[in-house]
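When you line the sequence shown up against the numbering used here, it's residues 2 to 209, in that order. Below you'll find the structure, written out as structure tokens, and then a few comments.
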Amino acid sequence: MSKRILWGIGSGRAFRVHWTLQELGLEYETRPVRTRTPAMDTEEFQRISPRKKIPVFEDGSLKLFESCAIATYLARTYGQGDTVLLPTDPAERARCDEWCYFTAMELDATSLYVIRRHGDLSEIYGEAPVAVECAGEYFARQIAVPEAELADGRPFLLGDRLTVADIVMIPCLNWAIRYGQPVPENLSAYRGRIAKRPAYKAAFAICY
Ligand SMILES: N[C@@H](CCC(=O)N[C@@H](CS)C(=O)NCC(=O)O)C(=O)O
């Protein structure tokens with residue numbers, strides 16, 4: 002068995018990977034590197050992550066960054082039986098990818114991360130109150146998309162099974178709640194149900 006190592010704790014992006022590993026029941030080692038701490042400045046970490054970001058995941062000689070790519074890789078490589086986290090039907094698989102890209106781009110990169118960069122991290126990225134306000138308005142518009150998707154009462158984004166799409170989405174909902182952004186009631190209930198999963202709780206205990 003190749004050695005699996007996950008670099009990164011204390012962040013929603015790292016949490017996606019911890020959670021996927023827990024859902025798949027895989028053994029791995031955690032390297033407790035948090036953002037903007039001295040752990041990021043070590044030579045060892047910078048060899049692993051020249052761009053000084055978490056998460057980074059090693060599976061033997063394979064090294065990957067980008068939380069959605071890592072979660073998808075793990076699901077595709079190790080998911081089986083009850084732990085299949087990706088649809089097998091090509092159209093459904095495309096829907097799963099669609100949700101991952103949507104969440105990473107529209108909810109994370111262009112909304113919540115803008116609020117964080119120019120709010121909590123404004124000493125690094127600069128004050129930009131207009132950008133923060135617009136990002137909040139944009140988030141409120143984009144969050145209506147998964148709200149509408151779950152309006153038919155389905156338990157997960159793609160129907161009746163947890164997929165990588167949910168694993169990518171839920172940390173953004175956690176983040177939005179922490180930042181006081183509006184999270185519609187049905188998404189809040191969806192999040193609350195999924196957070197009861199043993200794998201979610203195990204990942205949370207390791208990551209935070
Ligand atoms: N798109 C990347 C984002 C990675 C990222 O920005 N990670 C943050 C922590 S959540 C980080 O390492 N920030 C350090 C920095 O920007 O200096 C992913 O999803 O993995």
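Idealized CB from N, CA, C, for every residue including glycine.
C-alpha gap between residue i and residue j, whole angstroms
| i | j | result |
| --- | --- | --- |
| I125 | Q81 | 43 Å |
| A141 | T111 | 12 Å |
| K4 | T21 | 16 Å |
| D83 | P199 | 14 Å |
| M41 | D90 | 40 Å |
| E107 | F66 | 19 Å |
| L113 | Y29 | 29 Å |
| G154 | D167 | 15 Å |
| R96 | F103 | 10 Å |
| P51 | R94 | 32 Å |
Close beta carbons around residue i, own chain, < 6 Å, minus the five adjacent residues each side
| i | result |
| --- | --- |
| P185 | E148 |
Same chain, Cβ closer than 7 Å to residue i, five either side skipped, listed in chain order
| i | result |
| --- | --- |
| L174 | V184, L188 and R192 |
Residues bridged to residue i [DSSP beta-bridge criterion]
| i | result |
| --- | --- |
| W8 | R32 and V57 |
| F46 | Beta-bridge pairing links F46 to no other residue. |
| F205 | DSSP lists no partner for F205. |
| K64 | E59 |
Contacting residues, own chain, Cβ-Cβ under 8 Å from residue i (five flanking each side not counted)
| i | result |
| --- | --- |
| Y209 | I10, G11 and F16 |
| Y79 | L25 and L27 |
| P56 | L7, W8, G9, S12, R14, A15, R17, V18, F66, S68 and I71 |
Proximity test, residue i beta-carbon vs ligand 2 heavy atom, cut-off 6 Å
| i | result |
| --- | --- |
| P91 | Ligand 2 is absent from the structure shown, which contains only ligand 1. |
Short CB-CB distance (under 7 Å) between residue i and chain B
| i | result |
| --- | --- |
| I144 | Here chain B cannot be found, since the structure has a single protein chain. |
Using the beta carbon as the reference atom, which residues fall closer than 5 Å to any heavy atom of ligand 1, ordered along the chain?
S12, R14, T36, K54, I55, E67 and S68
Three-pair Cβ contact test at 8 Å for the segment 129-136 versus the segment 147-165:
no
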